[in-house]
Amino acid sequence: MDQSFKKQLLIDFGTVLGSYAVLFALQKSGVINTYWQGIILVVCINVILTVSLNVTSGFLGELALGHAGFMAIGAYLSAFISKSLPLIPALEFPVAILIGGLSAMAAGYIVAIPTLRLRGDYLAIITLAFGEIIRNILKNLMLFGGTKGYPNIPAYTTFTWAFFGAAVCVLAAKSLIASRHGRSIISVREDEIAAEASGVNTNRYKILAFVFSAFFAGVAGALYAHYIRFLQPSVFTLDKSIEILVMVVLGGMGSIRGSIISATVLTVLPELLRSFSDYRMLMYSIVLIVMMLAKHSASGKIMFRPAADKTQEAET
Amino acid sequence: MTNVLEVRDLGINFGGLRAVDGLNLTIEPGQLYGLIGPNGAGKTTVFNMLTGVYLPSDGTIELYGENIVGKKAHQIARMGIARTFQNIRLFKDLTVKENVLISLDTQADYSLLTGVLKLPRFHAQETAMDEEAMRLLSVFDLQDDADKLARNLPYGKQRELEIVRALGTHPKLLLLDEPAAGMNPQETQNLMDTIRTVREQFNIAILLIEHDMKLVMGICEKITVLNYGTMLACGTPAEIQSDKNVIKAYLGE
Amino acid sequence: MSGFSQFIMQFINGLNIGSIYALIALGYTMVYGIAKLINFAHGDIIMVGAYVSLICLNAGLPWYLACIISILSCSAFGVIMEKFAYKPLRNASRISLLITAIGISYLLENAFQLIFTANPKPYPSFIALPALKIGAVTISANYYITFIISVVLMVVLTLFIRNTNMGKAMRAVSEDAGAARLMGINVDNTISLTFAIGSALAAVAGILYSNCYSPINPTMGSLPGIKAFIAAGLGGIGSIPGAVLGGFFLGMIEAMVKAYISSQLLDSIVFTVLILMLVLKPAGILGKDVREKV
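Chains as they are written, first to last, in numbering that gives the first Met the number 0: chain A, 0 to 315; chain B, 0 to 252; chain C, 0 to 293.
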């Protein structure tokens, strides 16, 4: 086991550093132009969002529709920190990211508590409501400029920051899932009653999954804020949460690799379709429906874990 | 020597219905105990109260002298009562080994950070858990299926896996809810041997619900008969077989 | 205006928006009850209903024909949507159903945006009855007609479900589709019927909504849709009286919060109330508490 672990560790670090080196070189040498550099950065941010949501939706098996809310909290609070703290940039940004993540994490904890008693669709309703509350408060918070937006955020997010942010998130999610804590989270998805009977404190692991997921959504928000440099509540709508959920589902519930791929494809694809800008969303929606239908027509090739439907078992 | 389980005047109401009433049970260390009764007699309800799924309306449940009423299901599991379910509840999309590893979590204590950072303590404990899982699986000859998905196991093996998973919590008392349901006579025979082996190898007490009289009479040392939520009789298999009330309830008049 | 008539005004506002929420929530809840699907595209059917009736009105058709065409085309659309997008996924996980529903919602919004542009279109209010004056309070015709039509439709729907064979079939399918099939109920037709009725109600809601709140645009259905979905959850998702109650309750809270607390923080307050209510009563006001069988 130790042997295979060392091998895995080498592969993980090799992949991370290798892809970083390649992408970095391509950008520095100008093979990838500034336009695409921006897109690569957004890919990294979307990878963080997707992988982190996969922890709640794919591994814990709960349908969460408020991920954009956590992202918003991380974005605004980190921006506030870097705008108001008189530190040197090299120190300020990590602090801002951390604060962004931690405050989203606190919000995740607050959302997790009421959801402990709820399941399935009700949980979806609560997380949806939560996301809307966050956006509504931001719209009215003059400290952050309300609907007019929050401008002049320092441009700290570089490719390196975004890339390693994504790498940390992916590796943390992978290790979490491979640990006893991760197995306990998955057992909640598989069968909550059997999990309790096996000694798993299901409430604790539900909270853990939510908090983990919210932390990285906050980190993604912080990276986003310092890339786009101007925040508006209208970015963090239900549509944004759904966009992330779609990436999770298309990549495969409970598959981290799938999340990375689908976050990349679904970020790059709309850019490629930019010349058809009028038809872009229409095509996106058709692709969505067709993919869902195709996925289920090939019998047996179900990438979704059917156990994500826990409510179906509930009987009166 | 203290008894493993001491249940006194246990009762539960569902709405206006008195599902179980005035149940007393005493299980001694290493005992194989049977709980029988017609359908709807409240047997599974008793299991659900013993394991913290339902909160009893009255009465006490003591595990080695400690009252466990009001404790959460996972706490009771960690205190030493493990169970299987009437309609198998495995973690179907996980592998056979993972099913056992989840209950073996009770035997590990490395922290979240240790796990995420994969510190040495994580490896030490994971390796130990892995070996323990394989050891438990081999008791039931399931070691070769370790990497199969639980859903792909044949029915009989799924039942056995559920028992292995229950054993993973290192219980003092194992509750089996109709372990022979859906098995043919040969499989039932094997199951009886297995249950005896489990009791001896793991040195635990076993309480089982069963409809198969041959199985119950064949391996249980003591039996309680439930009917309409109340205790109809209690005694050795021989005593139960000659009990008038039991014969009346089972055969009618 | 005195404080009391002010309050009555708000009460009437609450009933108005509440009856529209209730109509939409009914469609949500019926479809949920029978197909166990959160039909995210339901809100957009309101928009389809509004636009179809607008086209008819602009083409010079009398209002009743415009309404009938709009209702029928929404019903037909609901059935087609079910047949093509949801039926093949009947055994799929809920999340894939949800994503498909979201896909349809985006499809509708974007298709209508391409056809009619994103610009708001004025909707000619055709309810030309006199306003009602009670003391110092004036109730415009749009308001009381909306309320009356909604209540009548809810009563009719309740009677339909309770007393007719088709209604009984709907209840049976929502209870246990497999058993209903064994009893000789045509499950597919029953599900189609549910979608047809739900979409017809949405069309009515769309027409009434447009009469009260012109102009209309291709995304007009999404916010009322979400609110009505929440109203359905509030009442107990899957429960018909629950949807009505939830709809009126939500409308009333909205009107009161807007008038007496803050219109800016309206959504936050409404959603917070919702969360608190669901936490206190996890299955909604009228929902059945489900106990998982062990």
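C-beta: ideal position from N, C-alpha, C; glycine also.
Query	Result
Leucine 190 of chain B versus phenylalanine 121 of chain B: straight-line alpha-carbon distance, rounded	36 angstroms
Classification of asparagine 226 of chain B by the beta-carbon crowding that lies within 10 angstroms, buried from 16 upward	buried
For asparagine 12 of chain B, the residue or residues it bridges with in DSSP	B:Arg17
Closer than 8 angstroms to chain C by CB, proline 269 of chain A	no
Minimum Cβ-Cβ distance from lysine 243 of chain B to chain A less than 8 angstroms	no
Cβ-based burial, leucine 285 of chain C [other Cβ within 10 Å; buried from 16]	buried
Counted within 10 angstroms of its Cβ, other Cβ atoms place methionine 141 of chain A as buried (16 or more) or exposed	exposed
Sequence-distant residues of the same chain with beta carbon closer than 6 angstroms to leucine 54 of chain B, five excluded per side	none
Near-chain B residues of the region 182-207 of chain A (beta-carbon distance less than 8 angstroms), N- to C-terminal order	Arg182, Ser183, Ile185, Ser186, Glu189, Asp190, Ile192, Ala193, Ala194, Glu195, Ala196, Ser197, Gly198, Val199, Asn200, Thr201 and Leu207
CB contact flag (glycine 250 of chain C, glycine 17 of chain C, <8 angstroms)	yes
Best match in C:Ala168, C:Phe228 and C:Phe6 for proximity to valine 243 of chain C [C-alpha to C-alpha]	C:Phe228
Rounded Cβ spacing between leucine 206 of chain B and isoleucine 26 of chain B (contact assumed at less than 8 angstroms)	6 angstroms
Residue nearest to lysine 171 of chain B in terms of C-alpha spacing, selected from B:Val197, B:Leu112 and B:Gly36	B:Val197
For threonine 1 of chain B, three-class secondary structure by DSSP	coil
Contacting positions in the region 79-95 of chain C - beta carbon closer than 9 angstroms to chain A	Phe83, Ala84, Pro87, Leu88, Asn90, Ala91, Ser92, Arg93, Ile94 and Ser95
Status (buried if at least 16 other CB within 10 Å, exposed otherwise) for alanine 313 of chain A	Confidence at alanine 313 of chain A is low in this model, with a pLDDT of 32, below 50, so the placement of that residue is unreliable and no value is reported for it.
Neighbourhood of leucine 127 of chain A by C-beta distance below 8 angstroms, restricted to the same chain and skipping five residues each side	Leu64, Gly65, Leu237 and Ser240
Partners in chain F for threonine 1 of chain B, counting only beta-carbon separations shorter than 8 angstroms	The structure shown contains no chain F; the protein chains it does contain are A, B and C.
Proximal residues of chain C, C-beta to C-beta of proline 232 of chain A below 9 angstroms	The contacting residues do not exist; proline 232 of chain A stays about 11 angstroms from chain C at best.
Beta-bridge pairing of isoleucine 133 of chain C - partner residues as DSSP gives them	C:Val136
Interface positions of the region 33-56 of chain B facing chain A (Cβ-Cβ less than 9 angstroms), listed along the chain	Thr50, Gly51 and Val52
DSSP state of threonine 59 of chain B mapped onto helix, strand, coil	strand
Cβ-based neighbour list, lysine 300 of chain A, same chain, cut-off 8 angstroms, excluding 5 preceding and 5 following	For lysine 300 of chain A, the predicted model reports a pLDDT of 43, less than 50, meaning its position is unreliable; a value from the coordinates is still stated below. If we look at lysine 300 of chain A and ignore the five residues flanking it on each side, its Cβ neighbours are Lys294.
Host alpha helix (DSSP H) of threonine 229 of chain B (start-end)	Taken as a continuous stretch (DSSP letters only), threonine 229 of chain B belongs to no alpha helix (DSSP H), being part of the beta strand (DSSP E) at 229-234.
Same chain only: Cβ atoms within 7 angstroms of threonine 157 of chain C, ignoring 5 sequence neighbours per side	Ile239
Closer than 8 angstroms at the beta carbon, the chain A residues around alanine 110 of chain C	Leu281
Beta-carbon proximity of alanine 172 of chain A to glycine 73 of chain A, cut-off 8 angstroms	no
C-beta atoms of serine 178 of chain A and leucine 52 of chain A nearer than 8 angstroms	no
Continuous alpha helix (DSSP H) stretch holding lysine 86 of chain C: start and end	Premise fails: lysine 86 of chain C is in no alpha helix (DSSP H) and is neither H nor E.
Helix, strand or coil at leucine 173 of chain B according to DSSP, with G and I counted as helix	strand
Reduced DSSP category for isoleucine 26 of chain B - H, G, I as helix; E, B as strand; rest coil	strand
Separation of serine 174 of chain A from arginine 77 of chain B, as counted between CA atoms	25 angstroms
Nearest residue (CA-CA) to valine 68 of chain B, options B:Glu5, B:Leu112 and B:Gly33	B:Glu5
Arginine 304 of chain A in three-state terms, based on DSSP	Residue confidence for arginine 304 of chain A is low, a pLDDT of 39 falling below 50, so the modelled location carries little weight and cannot support an answer.
Residue range of the unbroken beta strand (DSSP E) whose run includes tyrosine 34 of chain A	Tyrosine 34 of chain A -> not in any beta strand (DSSP E); alpha helix (DSSP H) instead, spanning 33-53.
Bounding residues of the alpha helix (DSSP H) (the contiguous stretch that carries isoleucine 184 of chain A)	179-189
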